[in-house]
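Peer 1: Start counting the sequence shown at 1; every next residue gets the next number (our numbering). Dumping the structure here so I can ask a few things about it.
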Amino acid sequence: MYDFQTVKNKIFNSKLVNDSFWAIFGNIIAKGLALAAGIIVARLLGKEIFGEYGIIKNTLMSVAIFSTFGLGYTATKFVAEYKNSKPEYIKEILRYSRNITLSVSGVMATGLFITAGYIAEKILEAPHLTISLRLVAIWIVFNAVTTMQIGVLAGFSEFKGMARINTVIGLFTFIASLVLTYFYHLNGALIALLLTQILNWYLNYRLVEKNLSSGYNIEAKDRLILKKMLKFSLPVALQEILYPITSWLTSLILIRLSNYGELGLYAAAMQWNAIILYVPGILRNVILAHLAESSKKEVQHDRIMRLTLLLSFVLTLIPFLFVFSFSNFITSFYGISFTGLNAVINIAVFTTIFTSLSNVYTQAYLSKGMNWIMFTFRVFRDAGIVLITFLLLKNSDGQLGAIAATYSSLFMNIIFLIIIALFYNFNKQKNDQIA
């Protein structure tokens, strides 16, 4: 007989479900407020200046992602694996993670500050953005350290604590963006971005220290851990840099072959792409932590895989249907300069279904140490997005604008999902036969 109470208790007592709940809870509030702030910033700045804001953010992300050197996911995997089996190495893992992150991000931030003039004038063809780029160069360091801290906290399964932090960050983002953009326009929006990142770093720092002070007093050293971490993190770092570089190149192609207005439409549409992916995206650390812990237990690993694929699909489909249905209404909030945004939003949010499922497979590849294989697949996908965007805009004399970029992303993400799912299942069947 089907026992509903037993199933209910099993669900509510599941560590994966509880961790997922807290990961989602705080981030829904945080991202919702960040989205509201983004709409207000877009309305206050207008399409052209919001396009400039978008290219500055993309430039920062292109530099910042590599500056973490893949240590966000690396920290999650190693802390999750070692916290119970070898807790004496936890502080060593954190020290290596922190030192590498600070070193790489410091060099990257300094490089951006020095070359800001060249980037603004020669690449972005907007010399007036030099000061703005230099203003937020230090953001790269705080973003890199924050990313590493989130990885550490995920390894500790500190999802409830992160939910509280994300709620505070969401409120601060909304207020700071509204006030500073109103009074200081583009630079005000960028200062709000920087202050938000600094606050996030500080709150994460306190939570990491709290976890370290409870149960990790014994410390041991082993240089082999550093070697293992670097071996794992390099292909992850290369994977992480692909997305912002692809986004940045796509933005640059839009500027060169179309105009900043089309980039503004693309940036606004990708905000909605990001908000839909954010909820299933925040589960990536949850997924990796659980898959890493069960990497040698195939039955449990497969069960977690099936559950997370279903969960990611549902968590993406529901907001997609909502945004798709109300895209015209959403567009009205941006103002009259954003004409045509609804069509771009519809394509961008449809893409999220395939991206969300791909992200689950990406975490599965990482948990199995198949980092270089995933890197190869992602190079294929992202190179395809850039190439197809370029060809569509070139052949239409720039008339397709933001539509070209979003269609390219949709097509390549569908192909990418099919390839990585087929290869993963083929590799699994091969290993099962060997076993």
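Beta carbons: idealized from backbone N, C-alpha and C, even for Gly.
1) Let me know the secondary structure DSSP gives Q443 once reduced to three states.
2) Mapping the DSSP letters down to three states, classify S474 as helix, strand or coil.
3) Assign N395 to one of two classes, buried (16 or more other C-beta atoms within 10 Å of its C-beta) or exposed (fewer than that).
4) Check for me: the alpha helix (DSSP H) holding F354 runs from which residue to which?
5) In the DSSP assignment, find the alpha helix (DSSP H) that holds E125 and state where it starts and stops.
6) Quick one: Cα of L102 to Cα of F326, how far?
7) Give every residue of the same chain whose Cβ lies closer than 7 Å to the Cβ of A267, excluding the five residues on either side of it in the sequence, and list them in chain order.
8) Would I29 and G170 qualify as a contact pair, given that the criterion is a beta-carbon distance under 8 Å?
9) Can you list, in chain order, the residues of its chain with a C-beta nearer than 8 Å to that of G151? Leave out the 5 residues immediately preceding and following it.
10) Quick one, are the C-beta atoms of F320 and V349 less than 8 Å apart?
11) Considering Cα atoms alone, identify which of Q239, L387, I140 is closest to W201.
12) In this structure, how does DSSP classify Q239 when only helix, strand and coil are distinguished?
13) Count Cβ pairs between the segment 82-89 and the segment 111-129 that sit closer than 8 Å; are there 3 or more?
14) Determine the closest residue to Q197 out of K231, I138, K210, with distance taken between C-alpha atoms.
15) I need the boundaries of the alpha helix (DSSP H) containing F142, first residue and last residue.
16) Between K428 and T146, what straight-line distance do the alpha-carbon atoms span, to the nearest angstrom?
17) Would you identify the three-state DSSP class for K428, choosing helix, strand or coil?
18) Buried or exposed for D382, going by 16 or more other Cβ atoms inside 10 Å?
Peer 2: In terms of the structure at hand:
1) Here the chain covers residues 1 to 435 and nothing more, so residue 443 does not appear.
2) The first residue shown for the chain is 1 and the last is 435, placing residue 474 beyond what the model contains.
3) Reading the sequence shown from its first residue, position 395 is the one you call residue 395. Classification for N395: exposed.
4) One-based indexing of the sequence shown puts residue 354 at position 354. Here the alpha helix (DSSP H) through F354 covers 341-367.
5) Numbered from 1 along the sequence shown, position 125 holds the residue referred to as residue 125. That residue, E125, is in no alpha helix (DSSP H); it is neither H nor E in DSSP.
6) Position 102 of the sequence shown holds residue 102. Position 326 of the sequence shown holds residue 326. Taking the straight line from one Cα to the other gives about 43 Å.
7) Position 267 of the sequence shown, counted from the first residue, corresponds to residue 267. The residues are F50, G51, G54.
8) Translated into the one-based positions of the sequence shown, residue 29 becomes position 29. Translated into the one-based positions of the sequence shown, residue 170 becomes position 170. Contact flag set, yes.
9) As a first step, residue 151 is located in the sequence shown; it is residue number 151 there, counting from the start. L71, G72, Y73, T74, A75, T76, V79, S97, N285.
10) Position 320 of the sequence shown holds residue 320. Position 349 of the sequence shown holds residue 349. Contact flag set, yes.
11) Position 201 of the sequence shown, counting from 1, holds the residue named residue 201. Selected option, being the one with the closest Cα: I140.
12) Locating residue 239 in the sequence shown gives position 239, where the first residue counts as 1. Correct three-state label for Q239: helix.
13) no
14) Position 197 of the sequence shown, counting from 1, holds the residue named residue 197. The shortest C-alpha separation from Q197 is found at I138.
15) Numbered from its first residue, the sequence shown carries residue 142 at position 142. Run containing F142: 139-155, per the alpha helix (DSSP H) assignment.
16) Taking the first residue of the sequence shown as position 1, residue 428 is located at position 428. Taking the first residue of the sequence shown as position 1, residue 146 is located at position 146. Distance between the alpha carbons of K428 and T146: 34 Å.
17) Locating residue 428 in the sequence shown gives position 428, counting from the first residue. Helix.
18) Taking the sequence shown and counting its residues from 1, one reaches residue 382 at position 382. Under this definition D382 is a buried residue.
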